[in-house]
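Worksheet: the structure to be examined is printed underneath.
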Amino acid sequence: MADLTAPQLDGARPLWRHPITLAVAVIAIAALAWRFWPSHPAETAGAPAAKATGKGAAGPTKFGGGDFNRPQPVSAVAARTGELNVVQTALGTVTALRTATVKTRADGLLQSVSFVEGGVVKEGAVLATIDPAPYQVALEQAAGQLARDQATLANAKVDLDRYQKLLAQDSIASQQVDQQVALVKQLEGTVKLDQAQVDNAKLQLSWCTITAPIGGLVGLRQIDPGNMVHGSDANGLVVITQLDPISVIFTIPQDTLPRVIARMKAGDRPPVEAWDRDQKTLLARGALSATDSQIDVSTGTVKLRASFSNAEGKLFPNQFVNVKMVVDTLHDAVIVPSAAVQRATQGTIVYVVNADNTASVRPVKVGASEGESTSIQSGLKAGERVVTDGVDRIREGAKVEVVVPGAPPPGAGDATRREEFKKGLESMTPEQREALKKKWESMTPEQREAYKKQRAAKSGS
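Residue numbers (the working numbering): 3 to 463.
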């Protein structure tokens, strides 16, 4: 048998095995299904009405057209009454309540450093030691001098006792007894002076062990062991900063100050929150602790200090934070989502959904806001529904359809069914797709409509 060439082999293949022919068939069937499958359930039912109104009738089409007279889907929320916090925001600086620069009180050679840079120490912990030898020698000298003078005093007291007995026997002159009394008192003063010198030497020796005056975070050391240190050194050895508790200093307008002072006088400390730079992460919660004694006349603001518990160390000295302080609380306020409030040429407005599902513009007077909630001072009553999403698609008197947020929009089920139909076509063999095409073409319009309803019912189940 003669060898067949590639073109001859291609000619011998069935037609449906050609890739190009297969692709064209899939596209043709998909186009046919798109042509006869409605994009919305109301398309088939509204076809006679569209024909009756002529070309100018506004009806939904497959190419994005729509009936602008149809109710527009919107999200709406009923206004409610409740409590709303009046929040004052400001930019604050984290400030430590206590900071100590550790310096030596004794001059000498720095022998060792016991702290770890960047570590946390407790109050009284040993930080460094200075060579104690010179101070130990001075202490021994003072102690020796004290012992000598104490012995002299004891001998003078014994003589005084003897002289007093002889004076009673009229054996010696009273002048000699008086001189001995004066000598005893002089020696008692000398002993007290020696004792003070001993105590001073002990104090100097104790200064050779440097301890933490406060507990907190230890910074970087300013001097290394082996160097001479003096009490007059400006930098000291290290800086300790207290981290827990910690404070934040911020400013508020002077107009807000009277309400803050009134709350503090009543024993109520306004709560304060510290947020990060992006205002996305809450760093700490605290309370207002103090106000400054003067208002800054150049800015019209006053400084406040808030205290925070900082066990987790999220606040760091000199860190910039965003401060939110609850100045006051509104009771029985009419509250709506902030998304419902719109700005227009006539002022602040909201779109109200009436009982007949029509939208109307309502001018309102806006009060305080907190997060995604805004209080309405006038123009709206509790229970009235306001549009929160879809405002750009409505106007005064427009028909609206309130949908549940997150629910699929109308027609989403048709799109799902079309996608399922498309996937079903792709999974068919060429013979099955050809048979389906012939079956579809042989159907009457009524049969096609019944077939579509049948498939929709199956998809819904």
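Built from N, CA and C at the ideal position, the CB exists for glycine as well.
Here the structure is a predicted model, which is why all the values come from computation and not from measurement.
Query: So does Asn237 have its beta carbon nearer than 7 Å to some heavy atom of the ligand FAD?; Result: What this structure holds is no ligand at all, so the ligand FAD is not there to describe.
Query: Just mark Lys326 as buried or exposed, buried being the case when its beta carbon has 16 or more other beta carbons within 10 Å.; Result: buried
Query: On a CA-only basis, which of Lys305, Met430, Lys383 and Glu142 is nearest Tyr353? Give me that one, please.; Result: Lys383
Query: Pairing CB atoms from the segment 85-98 with CB atoms from the segment 367-376, are three or more of them under 8 Å?; Result: yes
Query: Excluding the 5 residues preceding and the 5 following Gln256 in the sequence, name in chain order all residues of the same chain whose CB lies nearer than 7 Å to its CB.; Result: Ile297, Gly302, Thr303 and Val304
Query: Output the boundary residues of the alpha helix (DSSP H) element that contains Leu185.; Result: Ser176 to Ser208
Query: If you drop the 5 nearest sequence neighbours on each side, which residues of the same chain put their C-beta closer than 8 Å to that of Thr360?; Result: Gly399, Ala400, Lys401 and Val402
Query: Check whether the segment 150-165 touches the segment 190-209, counting contact only when three or more Cβ pairs, one atom from each stretch, lie closer than 8 Å.; Result: yes
Query: Determine the extent of the beta strand (DSSP E) in which Leu219 is found, giving its start and end residues.; Result: Gly218 to Val220
Query: Rounded to a whole number of angstroms, what is the C-alpha to C-alpha distance between Ser249 and Phe117?; Result: 25 Å
Query: Taking Cβ positions, are Thr95 and Asn320 nearer each other than 8 Å?; Result: yes
Query: Would the segment 261-276 count as touching the segment 204-217 if we require 3 or more Cβ pairs under 8 Å?; Result: no
Query: When you compare only the Cα positions, how much space is there between Gln244 and Leu112?; Result: 25 Å
Query: Give every residue of the same chain whose Cβ lies closer than 8 Å to the Cβ of Gly315, excluding the five residues on either side of it in the sequence, and list them in chain order.; Result: Leu245 and Asp246
Query: Quick check on the DSSP output: the beta strand (DSSP E) that includes Arg164 runs from which residue to which?; Result: No beta strand (DSSP E) contains Arg164, which is instead part of the alpha helix (DSSP H) from Ala135 to Ala170.
Query: How far does the beta strand (DSSP E) with Pro365 in it reach, from first residue to last?; Result: Ala361 to Pro365
Query: Per DSSP, which one or two residues make a beta bridge with Asn324?; Result: Leu93 and Trp277
Query: Can you give the beta carbon distance from Ile132 to Thr103, rounded, assuming they're within the 8 Å contact cut?; Result: Ile132 to Thr103, Cβ: 17 Å. No contact.
Query: Helix, strand or coil for Lys439, going by three-state DSSP, please let me know.; Result: helix
Query: Less than 8 Å between C-beta atoms, sequence neighbours within five positions excluded: which residues of the same chain meet that for Arg271?; Result: Arg265, Ala289, Leu290 and Ser291
Query: Quick one: what does DSSP say Ile225 is sitting in, helix, strand or coil?; Result: coil
Query: Could you tell me which residues DSSP pairs with Phe318 in its beta bridges?; Result: Answer by DSSP bridge pairing: none, since Phe318 is not bridged.
Query: Name the residue from Leu317, Leu284 and Asn157 whose alpha carbon lies nearest to the alpha carbon of Leu99.; Result: Leu317
Query: Determine the extent of the alpha helix (DSSP H) in which Pro260 is found, giving its start and end residues.; Result: Leu259 to Lys267
Query: Taking the straight line between their C-alpha atoms, what separation do you get for Ala108 and Glu125?; Result: 20 Å
Query: Thinking just about the alpha-carbon of each residue, which of Ala92, Pro73, Arg72 and Thr97 is nearest to the one in Gly312?; Result: Here residue 312 is Asn; the residue named in the question, Gly, does not match the sequence. If we check each option's Cα against that of Asn312, Thr97 comes out closest.
Query: Just verifying my parser: in three-state terms, what is the DSSP assignment at Ala127?; Result: coil
Query: Give me whichever residues DSSP pairs with Gly288 in a beta bridge.; Result: Val274 and Phe310
Query: How long is the line joining the alpha carbons of Pro339 and Glu374, rounded to whole angstroms?; Result: 6 Å
Query: Kindly list the residues whose CB is nearer than 7 Å to the CB of Gln348, restricted to its own chain and excluding five residues on each side of it in sequence; keep chain order.; Result: Pro365
Query: Tell me which residues share the same chain as Leu189 and place their Cβ nearer than 8 Å to its Cβ, disregarding the 5 neighbours each side in the sequence.; Result: Asp151, Thr154, Leu155 and Ala158
Query: Do Ala78 and Val336 have their CB atoms nearer than 8 Å?; Result: no
Query: Measuring alpha carbon to alpha carbon, tell me which residue in Val115, Pro134 and Asp280 is nearest Gln224.; Result: Val115
Query: For Pro255, report the span of its beta strand (DSSP E) as first-last.; Result: Ile248 to Pro255
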